[in-house]
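As structure tokens, the structure follows; a few thoughts come after it.
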Amino acid sequence: MSPGGKKSRARSPQELYDEIKELLIKTKPKLKDGTTRDETITRDLHKIASLAQTFTEQRLKSSKKSQLSDFLDQEGVSLWNASGAVRQGSAHDSRVVVAALRLAGFRLMEAGLEPKPETEGWEKIRILA
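If you use the working numbering, the sequence shown corresponds to residues 112 to 240, in order.
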């Protein structure tokens, strides 16, 4: 239930995808220009991870591959790779951002998996975990 006492409507995979994409468009330029100490980046990355997890849960219920999954997987790999660059190019206080990048990246890659992934897909996720 939402704070107002009403049940919130479940969002469709397309709505989740759109929100994830919007957050990525807002967040990725901040990673490139070095403003990783901005608290909104961490908050947005956690929101992306949460939305991706919800997307995965909905996809598993439907048991069919979403055409949106490939984009989510690619963006997950991109965020995971960005975590390495942030870690190498930043000071001690970047650890929170690196962790948020890896969590969001992992959740997006998970959302991009087939409903019943082949061994290769699970192996990729297992190695990252």
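Here a beta-carbon is modelled for each residue, glycine too, at the ideal position from N, C-alpha and C.
Thinking C-beta only, is phenylalanine 166 closer than 8 Å to leucine 127? yes
Unbroken alpha helix (DSSP H) run spanning glutamine 106, endpoints: Within the shown structure, residues of the chain are numbered from 112 to 240, placing residue 106 beyond reach of any answer.
With distances taken from CA atoms, which of Lys172, Lys137, Arg213, Ile152 is nearest alanine 193? Arg213
Look at the Cβ atom of alanine 215, then the Cβ atom of leucine 183, and state whether they are nearer than 8 Å. no
Reduced DSSP secondary structure (H/G/I, E/B, other) of aspartate 155: helix
Quick one: is isoleucine 152 buried, meaning 16 or more other Cβ sit within 10 Å of its Cβ, or exposed? buried
Below 8 Å CB to CB, which residues in the same chain sit around glutamine 125 once its five sequence neighbours on both sides are set aside? Leu179
Apart from the five residues on each side of it in sequence, which residues of its chain come closer than 8 Å, Cβ to Cβ, to histidine 157? Ala211, Leu214, Ala215
Glutamate 150 to glutamate 225 span [Cα, whole Å]: 33 Å
DSSP on glycine 225, reduced to helix/strand/coil? In the sequence as presented, glycine is not what sits at residue 225; that position holds glutamate. Coil at glutamate 225, not helix or strand.
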